[in-house]
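Start counting the sequence shown at 144; every next residue gets the next number (this note's numbering).
Built from N, CA and C at the ideal position, the CB exists for glycine as well.
No experiment lies behind these values; they were computed from the predicted model shown.
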Amino acid sequence: MKEIKAYVHASRIADVIAGLKGSTVWGNPDHDEHNLAVYVVKGSLVPLDDAERHYSLELGEEIINEYKVELHCHDEDVPALVDVIRRTARTGSAVAGWIYVMDIASAEPIR
Numbered sequence: 144m145k146e147i148k149a150y151v152h153a154s155r156i157a158d159v160i161a162g163l164k165g166s167t168v169w170g171n172p173d174h175d176e177h178n179l180a181v182y183v184v185k186g187s188l189v190p191l192d193d194a195e196r197h198y199s200l201e202l203g204e205e206i207i208n209e210y211k212v213e214l215h216c217h218d219e220d221v222p223a224l225v226d227v228i229r230r231t232a233r234t235g236s237a238v239a240g241w242i243y244v245m246d247i248a249s250a251e252p253i254r
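As structure tokens, then:
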């Protein structure tokens with residue numbers, strides 16, 4: 144299994160979630176272990192406009208409120224899911240966010 148983490152602009156998060164849930168990978172009953180979590184985080188992506196720009200007194204620098212998407216999936220689903228995130232998170236900026244893919248050593252259900 145893999146974990147995909149993506150950092151995207153607030154203006155793109157609804158499209159990213161809709162794209163993931165609408166993908167053929169997501170609806171596959173043989174691969175139903177997708178676990179999606181979304182968090183608002185303070186980050187350092189380049190602001191798209193002044194409305195995204197904030198100054199953090201705690202951090203002592205300019206930040207934006209961006210979204211962190213975490214998704215767990217089968218190894219073979221990674222290319223399709225990364226493609227969905229890349230297409231739906233695009234803003235037209237040179238760097239609109241980041242996508243990371245990591246191995247999961249173990250995943251245990253809580254029962």
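Asked, Found
"Indicate whether Val244 and Val159 have their beta-carbon atoms separated by less than 8 Å.", "no"
"So, for His135: in the same chain, excluding its five sequence neighbours on each side, which residues have a beta-carbon less than 8 Å away from its beta-carbon?", "In this structure the chain extends from 144 to 254, so residue 135 is not present and cannot be described."
"From the DSSP output, in three-state form, read off Ile253 for me.", "coil"
"Kindly identify the DSSP beta-bridge partner or partners of Glu213.", "Lys148, Ala180"
"What number of angstroms, rounded off, separates the C-alpha of Pro252 from the C-alpha of Glu219?", "21 Å"
"Opposite Trp169 in the DSSP bridges: which residues?", "Answer is none; Trp169 lacks a bridge partner."
"Are the CB atoms of Ile242 and Ile156 nearer to each other than 8 Å?", "no"
"In whole angstroms, what separates the C-alpha of Leu224 from that of Gly170?", "12 Å"
"By Cβ distance below 8 Å, which residues in the same chain neighbour Ser166 in space, the five residues on each side in sequence not counted?", "Ala223, Leu224, Val227"
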